[in-house]
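K.L.:
Residue numbers for the sequence shown follow the numbering used here, beginning at 1 and rising by one. In this text, a Cβ means the ideal position worked out from N, Cα and C, and glycines have one as well.
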Amino acid sequence: MSSGQSVNAAMAIDLGSEFMKMALIKHGVPMETVLNRDSQRKTPMALTIKDGERFLGDAALKKALVRTKNTYTFFLDLVGKKVDDKATAQFQAQFPYLTIKPHPNGAPFNSRLIVEF
Numbered sequence: 001m002s003s004g005q006s007v008n009a010a011m012a013i014d015l016g017s018e019f020m021k022m023a024l025i026k027h028g029v030p031m032e033t034v035l036n037r038d039s040q041r042k043t044p045m046a047l048t049i050k051d052g053e054r055f056l057g058d059a060a061l062k063k064a065l066v067r068t069k070n071t072y073t074f075f076l077d078l079v080g081k082k083v084d085d086k087a088t089a090q091f092q093a094q095f096p097y098l099t100i101k102p103h104p105n106g107a108p109f110n111s112r113l114i115v116e117f
């Protein structure tokens with residue numbers, strides 16, 4: 001390839017409720033799923049906050065064993081929902097130790113998460 005040519009590539013991100021996957025797409029090359037640091041194709045959608053430090057994915061799930069109340073999973077289900085939405089009530093029933101209240105801009109958000117950040 002000459003120095004005047006550019007390489008066009010794209011990254012696709014699939015944010016699911018339980019897992020996240022990423023893929024690289026480049027012209028002339030088959031789509032490739034990106035492996036995480038544990039050589040896995042999917043990463044858990046989990047966040048744990050401990051003493052102001054954030055842990056994501058598998059690291060968050062490991063911390064969840066002892067820090068259940070500071071671990072957030074399935075939080076993507078709340079994006080764009082109001083506090084009185086059915087999905088919010090289901091989330092609250094599944095995770096009763098987390099408090100959901102209206103955010104000042106109208107979006108539901110866990111008050112603990114706001115404080116810990």
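Under 8 Å between the Cβ atoms of Lys26 and Arg41?
P.N.:
no
K.L.:
Assuming Lys69 and Tyr97 make a contact with CB atoms under 8 Å, what is their CB distance in whole Å?
P.N.:
5 Å
K.L.:
Using beta-carbon positions only, say whether Gly28 and Pro44 come within less than 8 Å of one another.
P.N.:
no
K.L.:
By alpha-carbon positions, which one of Ile49, Thr99 and Phe74 ends up nearest to Phe15?
P.N.:
Correcting the residue identity first, residue 15 is Leu in this sequence and not Phe. Nearest of Ile49, Thr99 and Phe74 to Leu15, Cα basis: Phe74.
K.L.:
Is the beta carbon of Leu78 closer than 8 Å to that of Ala89?
P.N.:
no
K.L.:
Mapping DSSP to helix, strand and coil, what is Leu65?
P.N.:
coil
K.L.:
By how many angstroms is the C-alpha of Ala46 removed from the C-alpha of Ala60?
P.N.:
So the alpha carbons of these two residues sit roughly 6 Å apart.
K.L.:
Can you tell me whether Thr33 is helix, strand or coil according to DSSP?
P.N.:
strand
K.L.:
Looking only at DSSP bridge pairs, what is Thr71 linked to?
P.N.:
Thr48
K.L.:
Determine the direct distance from the alpha carbon of Leu76 to that of Gly52, and round the result to whole angstroms.
P.N.:
21 Å
K.L.:
Taking only three categories from DSSP, how would you classify Phe91?
P.N.:
The three-state secondary structure of Phe91, taken from DSSP, is helix.
K.L.:
Using three-state DSSP, classify Glu18 as helix, strand or coil.
P.N.:
Glu18 falls in the coil class under three-state DSSP.
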